[in-house]
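Encoded as structure tokens, the structure appears first; notes follow it.
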Amino acid sequence: MNGNHILILLIVIIFLLVYKYDTQPRKRGQINIPKVLHENKTTDEDSKRSFSRICRSKGYPFKKYKVLTEDGYWLTLFRIYGTKNEDPTEALQKSKPAVFFQHGVVDSADTFIMNDEDKSPAFMTANAGYDVWLGNSRGNKYSREHQWLDPDDSEEKYVFFDYSFEEMAKYDVPAFIDFILNTTEKEKLAVLGHSQGATTMLVKMSEDIDWWNKHVSIFACLGGVGRLQHTSSKLVKDLANQNLLLDAVKRLGVVEICYHNYYQSLIFSTICSISPSLCNFLIELVADASSEANNHSRVDVFMAHYPSGSSLKSFEHFAQIIVSGKFQKFDYGALNLQVYNQTTPPKVDLKAIKDTKIIQIVGTADHLSPVEDNLWLKSELGSNVVFYEEYFLGHTSFLLANDMQFMKDVLHQFEKNKWD
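Just so we're aligned: the sequence shown equals residues -23 to -1, 1 to 397 in mature numbering (1 follows the signal peptide of the UniProt record, and there is no 0).
Right, here's the structure in full:
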């Protein structure tokens, strides 16, 4: 049994408890689950479309690239390089400023186009005249490749999935940004990160601010996760403290969690289309103190593309941060002395971030990145924060909100702090 089996089992049990599958009377034990799933009442075709098909169905020029990291991972990079219905050839000939988007944990670039078209961050940015690039972190459904490691090999998988946001910051971020700037022949770009995507950027800035300032003009931090001292999700906090459970999962050989597959997506999207209240309950259990801000008509589309997979180590790293109350590097226990030359993992040095521009967007209903931890982050970042604002948003609302005023404010800051 792996992490996905457990997750899907729990979802199916809930589904069986709350949904009346057929109006026709049935004998006990005759519920036809495959029939129910394949008769998913979701009418929005975006639930079944890939990233490229969603873009093209709505009239956006699209390209896909493969990017190789220094440590051998093949990452997929998407590009929306034109406004709606803009001629692709003409769009490429224009010298548009580039914006690089990076998603959160067990997510993918899909997340930025899941809302209604006029409310999706990537489409909003493209229609504002920017060249939009969207990364996919190592190990997710689009970036599950390596030069010499096989993630499905019983031995090599332990090496392939031996990463957290530290490795993403060290290898993925420069690989993506260098590729974008080389391709566009630009000197700088803007970066927008959500959740772990923002965490990754903060780590990169703290470790190599000179490189960052040379390549990045401004950074939009959406629901940024640094210190997790005030995380309000009881479920997340309880799971973070379950060392015995984590050790048991590791002993089962689980290193990859929440990977994407057809039936998983079908189950999630079906649940959300048939019982939106149940889906909102699950979201509120983990990510949003309230789902009121969300566009409920698109939650099933979002869940059809989520989760997209990552490493168990990524979750373990965030669990360590919750338990310790510190924004720190991965804790290897007895091996810390060998890895860090000290017995405890070093903190991420946010004070090393200087002379840069950061837009900090905060959700007042965010379980995972609450206001209190964001105020701490703001104080650590100091004068680097050129714009700070709080909105009635949960952690998923940055992707699914009905009111996207925060994104309009981000685009206004991009316009105010121009780059080329």
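Note that beta-carbon positions come from the ideal geometry of N, C-alpha and C, so glycine has one too. Since the structure is predicted, the reported quantities are computational estimates derived from the model, not experimental observations.
Could you please give the first and the last residue of the uninterrupted beta strand (DSSP E) stretch that includes residue i?
i: residue 195; result: 193 to 199
i: residue 382; result: First-last for residue 382: 382 to 393, but that is the alpha helix (DSSP H), not the beta strand (DSSP E).
i: residue 54; result: 50 to 57
Using DSSP's beta-bridge definition, name the partner residues of residue i.
i: residue 340; result: 368
i: residue 169; result: 78 and 197
i: residue 305; result: 324
i: residue 405; result: With the chain covering -23 to 397 only, the question about residue 405 has no answer from this structure.
i: residue 288; result: 233
i: residue 111; result: 55 and 78
i: residue 123; result: 50
i: residue 378; result: 271
i: residue 335; result: 196 and 362
i: residue 45; result: 51
In whole angstroms, give me the CA-to-CA distance for residue i and residue j.
i: residue 336; j: residue 362; result: 6 Å
i: residue 105; j: residue 390; result: 12 Å
i: residue 256; j: residue 262; result: 10 Å
i: residue 338; j: residue 55; result: 24 Å
i: residue 15; j: residue 244; result: Any reading at residue 15 needs caution, since the residue's pLDDT is 45, under 50, leaving its predicted position unreliable; the model's value is listed next. Approximately 9 Å, taken between the alpha carbons.
i: residue 293; j: residue 217; result: 8 Å
i: residue 94; j: residue 382; result: 15 Å
i: residue 377; j: residue 36; result: 21 Å
i: residue 345; j: residue 130; result: 33 Å
i: residue 195; j: residue 177; result: 15 Å
i: residue 318; j: residue 96; result: 48 Å
i: residue 182; j: residue 330; result: 6 Å
i: residue 46; j: residue 148; result: 6 Å
i: residue 138; j: residue 323; result: 22 Å
i: residue 350; j: residue 65; result: 43 Å
i: residue 411; j: residue 49; result: Here the chain comprises residues numbered -23 to 397, so residue 411 is not present and cannot be evaluated.
i: residue 87; j: residue 355; result: 29 Å
i: residue 212; j: residue 152; result: 35 Å
i: residue 157; j: residue 32; result: 19 Å
i: residue 379; j: residue 82; result: 23 Å
i: residue 215; j: residue 272; result: 29 Å
So, for residue i: in the same chain, excluding its five sequence neighbours on each side, which residues have a beta-carbon less than 8 Å away from its beta-carbon?
i: residue 73; result: 58, 106, 107 and 108
i: residue 353; result: 203, 204 and 206
i: residue 30; result: none
i: residue 209; result: 266, 344 and 347
Starting from residue i, trace the alpha helix (DSSP H) both ways and give me its first and last residue.
i: residue 70; result: 65 to 70
i: residue 219; result: Residue 219 -> no alpha helix (DSSP H), and no H or E assigned at all.
i: residue 30; result: 28 to 34
i: residue 353; result: 348 to 358
i: residue 276; result: 276 to 282
i: residue 261; result: 253 to 263
i: residue 154; result: 150 to 161
i: residue 145; result: From DSSP, residue 145 is part of no alpha helix (DSSP H); its letter is neither H nor E.
Roughly how far, in whole angstroms, is the beta-carbon of residue i from the beta-carbon of residue j, given that I think they are within contact range, below 8 Å?
i: residue 291; j: residue 141; result: 5 Å
i: residue 193; j: residue 166; result: 7 Å
i: residue 283; j: residue 127; result: Not really, about 25 Å apart at Cβ, beyond 8 Å.
For residue i, collect the residues of the same chain with a Cβ closer than 7 Å to its Cβ; drop the 5 residues on either side in sequence, then sort them by chain order.
i: residue 161; result: 75 and 108
i: residue 63; result: 38
i: residue 348; result: 339, 341 and 367
i: residue 321; result: 313
Under 7 Å: does the beta carbon of residue i sit that close to some heavy atom of the ligand ATP?
i: residue 117; result: With respect to small molecules bound, the structure shown includes none, and the ligand ATP cannot be examined in it.
Leaving out five residues before and five after residue i in sequence, what residues of the same chain have Cβ atoms less than 6 Å from its Cβ?
i: residue 122; result: 51
Counting only beta-carbon atoms, is residue i nearer than 8 Å to chain D?
i: residue 52; result: You won't find chain D in this structure, because it holds only one protein chain.
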